[in-house]
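This report refers to the structure that appears directly beneath it.
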Amino acid sequence: MSAIFLNQMGLPEPHYNLGINKLSHGLMIAKMIENIEPILLKEKPVGVLVYGDTNSTLAGGLAAAKLDIPVFHVEAGLRSYNRTMPEEINRILTDHLSTLLFCP
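In UniProt numbering, the protein residues as written are 1 to 104.
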């Protein structure tokens, strides 16, 4: 997130910044998974909470699921039924790999 946004919202700097931008969807998700996995291995969370339908939602969920860490998806179950939208693919895949779904 940009420093301006964090400043305006009065939020602290994040503990981790993946530093990923301006890549294709596939490369972005792959790089995110590559960068998230060592963080999960270091932090050893009991679960991972993901939100929405972004590429980072899918990447975080997939990285956690592959490490056998429970995934909790907030805003699960939403569908546009337009599979040409990248977000629709992210929604479907994240719902399927999640341990627990939180639907609106």
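Glycine is no exception: its CB is placed at the ideal position from the N, C-alpha and C atoms.
- Scanning its chain for C-beta atoms nearer than 8 Å, with the 5 sequence neighbours on each side dropped, one finds around Asn-55 the residues His-25, Met-28, Ile-29, Met-32, Pro-86 and Asn-90, in chain order.
- Nearest to Asn-21 by C-alpha distance, out of Pro-12, Ser-2 and His-15, is Ser-2.
- Judged by beta-carbon spacing, Val-48 lies beyond the 9 Å limit of Leu-58, meaning their Cβ atoms are not closer than that value.
- By the neighbour-count criterion, in which a residue is buried when 16 or more other Cβ atoms sit within 10 angstroms of its Cβ, Ile-4 is exposed.
- By the neighbour-count criterion, in which a residue is buried when 16 or more other Cβ atoms sit within 10 angstroms of its Cβ, Leu-23 is exposed.
- Distances from the alpha-carbon of Tyr-16 to those of Gly-10, Met-9 and Asn-35 put Asn-35 closest.
- With fewer than 16 other Cβ atoms from the protein chains shown falling within 10 Å of its own Cβ, His-96 counts as exposed.
- Under the criterion of beta carbons closer than 8 Å, Leu-101 and Ala-76 qualify as touching, at roughly 4 Å.
- Here Thr-84 is exposed. Its C-beta has fewer than 16 other C-beta atoms within 10 Å.
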